[in-house]
Amino acid sequence: MSQQAASETYGHYIGGEWTEGDGSETFASVNPATGEEIASFHRGTEADVDAALAAAEDAFEEWRTLSYIDRAEYLWDIYHELRERHEELGEIVTKECGKEISEGKADVTEAWHMVEWAAGNARHPHGDVVPSEIGSKDAYMRRKPRGVIGCITPWNFPVAIPFWHMAIALVEGNVVVWKPAEQTPWCGQIIAEMMEDAGIPEGVFNMVQGFGDAGAAITDDERVDTVLFTGSAEVGHEIAGKVGGEPGKLAACEMGGKNGIVITENADLDVAVHSAVMSSFKTTGQRCVSSERLIVHEDVYDEFTERYVEIAENIAVGDPLDADTFMGPAIEESHVEKIRRHNELAEKEGATVLVDRFELDDDEIPDGHEDGYWVGPFVYEIDYDPELRCLKEECFGPHVALIEYSDDVERAVEIHNDTPYGLAGAVISEDYRQIHHFRDRADIGLAYANLPCIGAEVQLPFGGVKKSGNGYPSAREAIEAVTERTAFTLNNSTDIEMAQGLSADIKTQDD
Ligand code: UN1
């Protein structure tokens with residue numbers, strides 16, 4: 097499928113074949129900036145997932161016997177295609193999920209970075225040579241693929257995150273059954289076409305389009321060895337809970353955050369305002385790393401607030417295909433309603449609203465985009481109180497609390513850590529001691545200093561603590577979730593000699 101979506105209804109990719117699947121229902125991909133339908137897709141059923149898992153299982157034996165480097169060759173083709181089609185695919189991302197065009201293109205760039213990392217890593221060492229207590233023994237840590245990997249990916253990075261999961265899983269010798277987000281099936285279709293174009297052997301990669309029921313059919317099936325999930329905390333915890341009860345099965349879940357930025361009395365306020373605006377409003381606040389809490393020292397609070405509010409009042413919300421836009425629409429109508437509920441909750445809990453552009457004026461909505469899912473910034477100040485739900489619950493929108501603090505950075509970090517989440521955060525300060533305190537004591541997986549808390553590069557571990565994730569961050573560490581380690585020991589002698597001083601003498605009754 098090219099950039100011109102066609103009128104046919106697209107299907108699933110199972111066992112190397114395109115299929116309409118077993119169900120009769122279809123669903124549409126909708127452009128959130130216009131409300132227009134882009135294309136129609138068959139909705140996957142349990143039977144479709146069953147067929148995909150069977151195809152994957154059949155393909156595993158042959159795929160795992162290829163060398164790492166041969167498997168990576170398929171991925172290099174995809175790497176080149178992603179680069180060659182950068183502009184076109186960036187526009188598709190923007191049309192399907194509403195991120196402004198530089199973000200649409202960055203999504204594709206992040207995808208090829210991950211493919212490059214995973215395919216390049218095929219030529220890097222994959223285990224360790226480990227010393228033995230016994231001179232005649234060689235000990236190694238070796239890896240082998242786990243088998244069938246179920247991948248469930250979100251709409252907000254519809255090209256990048258599928259490759260976070262699948263590039264690594266495939267190069268490591270696993271087979272994949274993938275369900276793209278129901279909001280971004282067009283990106284799913286294109287990625288599946290790329291896998292087909294690259295000649296990935298049949299059954300090694302399978303895609304089932306659909307909703308949560310298809311996702312649950314993947315995660316619940318005993319043929320799945322690892323579930324890789326990126327998405328909402330509700331779904332992620334359900335998956336982690338269920339899979340945790342199944343011996344031998346693993347779930348690596350990356351979920352949301354209630355991310356905070358600490359702006360100390362020693363902050364450079366240009367850096368602070370720039371970082372905060374980027375963190376709260378890029379992607380219309382719909383990154384799992386977006387910041388919804390700004391924790392600002394009383395000495396700089398008034399100046400920071402004035403400058404931040406001035407930008408929030410004027411930030412360009414509009415057509416995401418227009419290069420002058422900073423914020424596109426929300427993903428769907430129900431998400432606009434969710435953002436409304438969070439804004440209302442903050443007001444109910446005593447917030448002083450400083451910017452309320454939730455309902456944009458008619459003249460702010462570009463022509464022809466009246467049916468888009470528009471929201472603007474909502475900024476409020478509120479006194480810190482550990483009981484406040486608005487400071488703890490993730491909105492996933494341009495919904496930002498300003499919290500003033502006194503005292504030292506220790507106090508700011510205490511407030512910062514008072515959420516059930518722990519994904520990303522930043523400190524803005526010119527004082528290295530404050531920076532290091534934040535680095536060491538903020539309960540998060542991704543910590544930044546004098547930067548926005550978004551925009552991680554793929555070669556870093558990406559993942560959170562507490563409610564944000566269960567410890568299998570992307571890139572190198574994701575390999576842990578899709579491989580088994582074997583401790584392999586070889587005796588080079590004909591004598592058997594044991595470690596720990598354990599006797600190897602066999603004694604009989606005659607001794
Ligand atoms: C997400 O927020 O859902 O760090 C993923 C970033 C991106 C990935 C974000 N590289 O902002």
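In this note's numbering, each residue carries its 1-based index in the sequence shown increased by 96. The beta-carbon is built from N, C-alpha and C at its ideal position, and this holds for glycine as well. All figures in this text were calculated on a predicted structure; none of them were measured in a lab.
Cβ-based neighbour list, residue i, same chain, cut-off 8 Å, excluding 5 preceding and 5 following
{"i": "T401", "result": "V392, L450, E477 and L498"}
{"i": "A294", "result": "Y170, L171, D173, I174 and E177"}
{"i": "A151", "result": "I110, G111, G112, E298, G299 and N302"}
Terminal residues of the beta strand (DSSP E) in which residue i lies
{"i": "R238", "result": "K233 to P241"}
{"i": "V496", "result": "H495 to Y501"}
{"i": "D452", "result": "T448 to D452"}
{"i": "R581", "result": "T579 to N587"}
{"i": "A124", "result": "T122 to V126"}
{"i": "C618", "result": "Because the chain spans 97 through 607 in this model, residue 618 falls outside it and cannot be assessed."}
Residue i (DSSP reduced to helix, strand or coil)
{"i": "V211", "result": "helix"}
{"i": "G295", "result": "coil"}
{"i": "V369", "result": "helix"}
{"i": "D457", "result": "coil"}
{"i": "E318", "result": "coil"}
{"i": "F253", "result": "coil"}
{"i": "D514", "result": "coil"}
{"i": "H44", "result": "The chain is shown from 97 up to 607; residue 44 falls before or after that span and cannot be answered."}
{"i": "I391", "result": "strand"}
{"i": "E289", "result": "helix"}
{"i": "N302", "result": "strand"}
{"i": "G565", "result": "strand"}
{"i": "W470", "result": "coil"}
{"i": "V272", "result": "strand"}
{"i": "T105", "result": "strand"}
First through last residue of the alpha helix (DSSP H) which encompasses residue i
{"i": "M594", "result": "Element bounds for M594: n/a, residue is neither H nor E."}
{"i": "L266", "result": "A256 to V267"}
{"i": "C549", "result": "Run containing C549: none; DSSP gives neither H nor E here."}
{"i": "F558", "result": "Neither: F558 is in no alpha helix (DSSP H) and is coded neither H nor E."}
{"i": "Y397", "result": "E394 to N410"}
{"i": "G521", "result": "Note, G521: premise wrong, no alpha helix (DSSP H); beta strand (DSSP E) at A520 to I524."}
{"i": "K191", "result": "H182 to C193"}
Residues near residue i by beta carbon distance below 7 Å, same chain, minus five either side
{"i": "H512", "result": "G356, V358, I391, G521 and A538"}
{"i": "V367", "result": "I524 and N546"}
{"i": "H209", "result": "V554"}
{"i": "A577", "result": "T322, L324, L346, A348 and Y568"}
{"i": "R319", "result": "L149, E153 and V244"}
{"i": "I575", "result": "I264 and E268"}
Environment of residue i [buried if 16+ CB atoms lie within 10 Å]
{"i": "V509", "result": "buried"}
{"i": "T105", "result": "exposed"}
{"i": "K603", "result": "exposed"}
{"i": "Q530", "result": "buried"}
{"i": "M423", "result": "buried"}
{"i": "H533", "result": "buried"}
{"i": "H176", "result": "exposed"}
{"i": "M237", "result": "exposed"}
{"i": "L586", "result": "exposed"}
{"i": "G472", "result": "buried"}
{"i": "Y517", "result": "buried"}
{"i": "T315", "result": "buried"}
{"i": "F558", "result": "buried"}
Proximal residues to residue i (C-beta, below 6 Å), its chain only, five neighbours per side dropped
{"i": "D514", "result": "P482"}
{"i": "C486", "result": "L441, A442 and E445"}
- Query: Where in the segment 108–175 do unbroken runs of the alpha helix (DSSP H), each at least 4 residues long, occur, reported from the N-terminal end onward?
  - Reply: 142–161
- Message: As an exercise, report each continuous beta strand (DSSP E) stretch of at least 3 residues that is fully enclosed by the segment 322–366, in chain order.
- Response: With a minimum length of 3 residues, the continuous beta strand (DSSP E) runs that stay inside the segment 322–366 are 322–326, 346–350 and 355–359.
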